[in-house]
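Trainee:
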Amino acid sequence: MTHDHEHHHEHGSDLSEMQLRTRALETILLEKGYIEPAAIDVLIETYEKKIGPRNGAQVVAKAWVDPRFRQWLFEDGTAAIGSLGFGGRSGNHLVALENTPSVHNMVVCTLCSCYPWAVLGLPPLWYKSAPYRSRTVADPRGVLADFGVTLPKDTEIRVWDSTAELRYLVVPTRPAGTEGWSEEKLADLVTRDSMIGTGLAKSPGDLK
Amino acid sequence: MNGAADMGGMHGFGPVVPEPNEPVFHAEWEGHSFALNMVTGVAKLWNLDAFRFKRESIPPAEYLNLSYYGLWTMTLELMMLEYGVATPAEIAAGHAIAPIKKAPHAVTATQCANMVRCGSPYNRQAPAPALFETGDKVRAKNMHPQTHTRLPRYARGHVGEVMRIVGCHVFPDSNASNLGEDPQWLYTVRFDGRELWGADTDPTVRVCIEAWEPYLEPL
Chain A
960 MTHDHEHHHE
970 HGSDLSEMQL
980 RTRALETILL
990 EKGYIEPAAI
1000 DVLIETYEKK
1010 IGPRNGAQVV
1020 AKAWVDPRFR
1030 QWLFEDGTAA
1040 IGSLGFGGRS
1050 GNHLVALENT
1060 PSVHNMVVCT
1070 LCSCYPWAVL
1080 GLPPLWYKSA
1090 PYRSRTVADP
1100 RGVLADFGVT
1110 LPKDTEIRVW
1120 DSTAELRYLV
1130 VPTRPAGTEG
1140 WSEEKLADLV
1150 TRDSMIGTGL
1160 AKSPGDLK
Chain B
4 MNGAADMGGM
14 HGFGPVVPEP
24 NEPVFHAEWE
34 GHSFALNMVT
44 GVAKLWNLDA
54 FRFKRESIPP
64 AEYLNLSYYG
74 LWTMTLELMM
84 LEYGVATPAE
94 IAAGHAIAPI
104 KKAPHAVTAT
114 QCANMVRCGS
124 PYNRQAPAPA
134 LFETGDKVRA
144 KNMHPQTHTR
154 LPRYARGHVG
164 EVMRIVGCHV
174 FPDSNASNLG
184 EDPQWLYTVR
194 FDGRELWGAD
204 TDPTVRVCIE
214 AWEPYLEPL
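Here it is in structure tokens:
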């Protein structure tokens, strides 16, 4: 069977072509004995079901309640996060970034899509998109506005471009009105976007 | 190289549009595209930097029109051709063609699970002391190699400050061309937004990049 090798590059129209191309590559790799089928399945299942932002939310919630962990997290993110069982692929060199009332951190990969899989899972499409990659380093407040986030005009916006194998996790500020909350309950306030820096943690009222 | 991948500072792409309740993969083939690229990494058919170089070498008009995982699939196809894993006839046919040269080992699910758990650290033994210290002012070199680099165009020629010495890491510029890992010191360098984008830029903006020592010159 041959399939169409003309490229169809209007947005969204490459789905069926790419399905065929991807299947062709997989078939060749299987037939030549490079991979076992179960290897494909385990990777898809891991990143669809097992590794996601809930990991990072646990890290943030612990940092909110445990001052010693918090200090360790900012000194050696890889080790502190590793102590909770998270690390490995796209998590060998982790750096936690502390949001404060005067500094807001945002993470981007202008060159492609580097992202801390170990704590956030695979990145959303917008993180990998040209609008986000092009604008975040030059106009971070404009990007925040796209997410409905407005910060005080004197807050320093610190953008981190993931140009090496370091992976960043933003630790958002703890919302008011959460004194005495358990780590588990606090973790429900920690959104994926708040750990990328395009959002803030939810407030207790948002959970109702 | 100055390819389409290096997007920082470009205009005209429009607003960022988040998708509510976004699935991890938007179609089944995307999961397969993702997994195939991971698996070929485990098989060590090529290194990650070489893969990235191939991806950014896709002509800009084509790169910008491909979906994210479409780009991954196209890159995988180009790598399989370049590294002799498949022939053009096999790609066209969609299966292996006899006589089939079998791989010495097939990557297993266990190996993949181990890769997810362990990853692959990029820090290496330092061949020499670090040239810069925290607090040093440095200039990102004005350089435009045809080959792979992780120094974004928007930073080139600009002055920043070393915030942190990260360690000694695999140098992608060398590794991507299969010239060895050539470990180099890696630094976090912070730039003022006005230095990068001009005097009328929001004065609260700072941009941090990770820069290997060969990207930097002392002031």
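So the protein sequences, as listed, match chains A and B.
Numbers in my numbering are just positions in the first sequence, counted from 1, shifted up by 959.
Numbers in my numbering are just positions in the second sequence, counted from 1, shifted up by 3.
Quick reminder that beta carbons are idealized off the backbone N, C-alpha and C, glycines included.
Am I right that Ala7 of chain B and Tyr66 of chain B are in contact with their C-beta atoms under 8 Å? What's the rounded C-beta distance?
Mentor: On the second sequence, position 4 is the one that residue 7 of chain B refers to. On the second sequence, position 63 is the one that residue 66 of chain B refers to. Confirmed, about 4 Å.
Trainee: Contact between the stretch 79-89 of chain B and the stretch 983-994 of chain A is defined here as three or more beta-carbon pairs at a separation below 8 Å; is this criterion met?
Mentor: Yes, the stretch 79-89 of chain B touches the stretch 983-994 of chain A.
Trainee: Looking at the secondary structure, which residues open and close the beta strand (DSSP E) in which Pro221 of chain B lies?
Mentor: Residue numbering aside, residue 221 of chain B sits at position 218 when the second sequence is read from its first letter. From DSSP, the beta strand (DSSP E) with Pro221 of chain B extends over Leu219 to Pro221.
Trainee: Could you tell me the distance, in whole angstroms, from the CA atom of Thr1059 of chain A to the CA atom of Lys1112 of chain A?
Mentor: By 1-based counting over the first sequence, the position of residue 1059 of chain A is 100. By 1-based counting over the first sequence, the position of residue 1112 of chain A is 153. Distance between the alpha carbons of Thr1059 of chain A and Lys1112 of chain A: 14 Å.
Trainee: Are three or more beta carbon pairs between the stretch 37-47 of chain B and the stretch 100-111 of chain B nearer than 8 Å?
Mentor: Touching, per the Cβ criterion.
Trainee: Less than 6 Å between C-beta atoms, sequence neighbours within five positions excluded: which residues of the same chain meet that for Thr1132 of chain A?
Mentor: Residue 1132 of chain A sits at position 173 when you count from the first residue of the first sequence. Result list for Thr1132 of chain A: Asn1058, in chain order.
Trainee: Once the 5 residues before and after Ser36 of chain B are set aside, which same chain residues still bring their CB inside 6 Å of it?
Mentor: In the second sequence, residue 36 of chain B corresponds to position 33, counting from 1. Contacts found: Tyr72, Trp75 and Thr76.
Trainee: When Cβ atoms are compared, which residues of the stretch 164-179 of chain B fall closer than 7 Å to chain A?
Mentor: Cβ contacts with chain A: Val169 and His172.
Trainee: Residues of the stretch 201-216 of chain B in Cβ contact with chain A at a cutoff of 8 Å, in chain order, please.
Mentor: Correct list: Thr204, Asp205, Thr207, Val208, Arg209, Val210, Cys211, Ile212, Glu213, Ala214 and Trp215.
Trainee: Rounded to the nearest angstrom, how far is the Cβ of Arg127 of chain B from that of Glu184 of chain B, given a contact under 8 Å?
Mentor: The count along the second sequence starts at 1 and reaches residue 127 of chain B at position 124. The count along the second sequence starts at 1 and reaches residue 184 of chain B at position 181. Yes, they are in contact, since the Cβ atoms of Arg127 of chain B and Glu184 of chain B sit about 6 Å apart, within 8 Å.
Trainee: If the cut is a Cβ gap below 8 Å, which residues of chain A does His151 of chain B touch?
Mentor: Numbered from its first residue, the second sequence carries residue 151 of chain B at position 148. Within 8 Å Cβ-Cβ: nothing; His151 of chain B doesn't reach chain A, min ~10 Å.
Trainee: Counting Cβ pairs closer than 8 Å, one from the stretch 116-135 of chain B and one from the stretch 185-197 of chain B, do we hit at least three?
Mentor: Yes, they touch.
Trainee: Since Glu1115 of chain A sits in a beta bridge, which residues does DSSP pair it with?
Mentor: What you label residue 1115 of chain A is simply residue 156 of the first sequence in a count that begins at 1. Answer is A:Val1062.
Trainee: For the stretch 129-150 of chain B, which residues have a beta carbon sitting closer than 9 Å to at least one beta carbon of chain A?
Mentor: Within the stretch 129-150 of chain B, no residue has a Cβ that lies closer than 9 Å to any Cβ of chain A.
Trainee: What residues in the stretch 994-1009 of chain A have a beta carbon less than 8 Å from any beta carbon of chain B?
Mentor: Result list: Ile994, Glu995, Ala997, Ala998, Ile999, Asp1000, Val1001, Leu1002, Ile1003, Thr1005, Tyr1006 and Glu1007.
Trainee: Would you grab the beta carbon distance between His161 of chain B and Leu199 of chain B for me? Rounded to a whole angstrom, and I think it's under 8 Å.
Mentor: Counting from 1 along the second sequence, the entry for residue 161 of chain B is found at position 158. Counting from 1 along the second sequence, the entry for residue 199 of chain B is found at position 196. Going by Cβ atoms, the distance from His161 of chain B to Leu199 of chain B rounds to 6 Å, so yes, they are a contact pair.
Trainee: Since Asp195 of chain B is in the beta strand (DSSP E), which residue starts that stretch and which ends it?
Mentor: Here the question's residue 195 of chain B lines up with position 192 in the second sequence. It spans Gln187 to Asp195 - the beta strand (DSSP E) in which Asp195 of chain B sits, taken as one unbroken run.
Trainee: Have a look at Lys1021 of chain A and Phe1033 of chain A and give me their C-alpha separation to the nearest angstrom.
Mentor: Counting from 1 along the first sequence, the entry for residue 1021 of chain A is found at position 62. Counting from 1 along the first sequence, the entry for residue 1033 of chain A is found at position 74. Straight-line Cα distance between these residues: approximately 13 Å.
Trainee: Under DSSP, the alpha helix (DSSP H) around Met1154 of chain A begins and ends at which residues?
Mentor: Mapped onto the first sequence, residue 1154 of chain A falls at position 195. Arg1151 to Ile1155 is the span of the alpha helix (DSSP H), which, as asked, contains Met1154 of chain A.
Trainee: Along the chain, where does the beta strand (DSSP E) that runs through Trp215 of chain B open and close?
Mentor: In the second sequence, the residue the question calls residue 215 of chain B occupies position 212. Start and end: Val208 to Trp215.
Trainee: Have a look at Val1019 of chain A and Val1149 of chain A and give me their C-alpha separation to the nearest angstrom.
Mentor: Start at 1 with the first residue of the first sequence, and residue 1019 of chain A comes out as number 60. Start at 1 with the first residue of the first sequence, and residue 1149 of chain A comes out as number 190. Their Cα atoms are separated by approximately 7 Å.
Trainee: Establish whether the CB of Trp32 of chain B and some CB of chain A are separated by less than 7 Å.
Mentor: For the purposes of this step, residue 32 of chain B is identified with residue 29 of the second sequence, where counting begins at 1. With 7 Å as the cut-off, Trp32 of chain B counts as an interface residue toward chain A.
Trainee: With a cut-off of 7 Å, does the C-beta of Phe194 of chain B fall near any C-beta of chain A?
Mentor: Taking the first residue of the second sequence as 1, we reach residue 194 of chain B at position 191. It does not; no Cβ of chain A falls within 7 Å.
Trainee: Taking 7 Å as the threshold (C-beta atoms), are Asp1147 of chain A and Val19 of chain B in contact?
Mentor: Stepping through the second sequence from its first residue, residue 19 of chain B is reached at position 16. Stepping through the first sequence from its first residue, residue 1147 of chain A is reached at position 188. In this structure, Asp1147 of chain A does not lie closer than 7 Å to Val19 of chain B by Cβ.
Trainee: Classify Pro1075 of chain A as buried or exposed, calling it buried when 16 or more other Cβ atoms lie within 10 Å of its own Cβ.
Mentor: Along the first sequence, one-based indexing puts residue 1075 of chain A at 116. Counting Cβ neighbours within 10 Å, Pro1075 of chain A comes out buried, since at least 16 surround it.
Trainee: Under the three-state reduction of DSSP, which class applies to Ile94 of chain B: helix, strand or coil?
Mentor: For the purposes of this step, residue 94 of chain B is taken as the residue at position 91 of the second sequence. If DSSP states are grouped into helix, strand and coil, Ile94 of chain B belongs with the helices.
Trainee: To the nearest whole angstrom, what separates the beta carbons of Ile94 of chain B and Glu80 of chain B, a pair I think is in contact under 8 Å?
Mentor: Residue numbering aside, residue 94 of chain B sits at position 91 when the second sequence is read from its first letter. Residue numbering aside, residue 80 of chain B sits at position 77 when the second sequence is read from its first letter. At roughly 6 Å, the Cβ-Cβ gap stays under 8 Å, so Ile94 of chain B and Glu80 of chain B are in contact.
Trainee: Which residues share a DSSP beta bridge with Glu1143 of chain A?
Mentor: On the first sequence, position 184 is the one that residue 1143 of chain A refers to. Looking at the DSSP assignment, Glu1143 of chain A forms no beta bridge with any residue, so it has no partner.
Trainee: Below 8 Å on the Cβ atoms is my guess for Asp1120 of chain A versus Cys1071 of chain A; work out the distance and round it to an integer in Å.
Mentor: For the purposes of this step, residue 1120 of chain A is identified with residue 161 of the first sequence, where counting begins at 1. For the purposes of this step, residue 1071 of chain A is identified with residue 112 of the first sequence, where counting begins at 1. Actually they are not in contact, since the Cβ atoms of Asp1120 of chain A and Cys1071 of chain A sit about 11 Å apart, beyond 8 Å.
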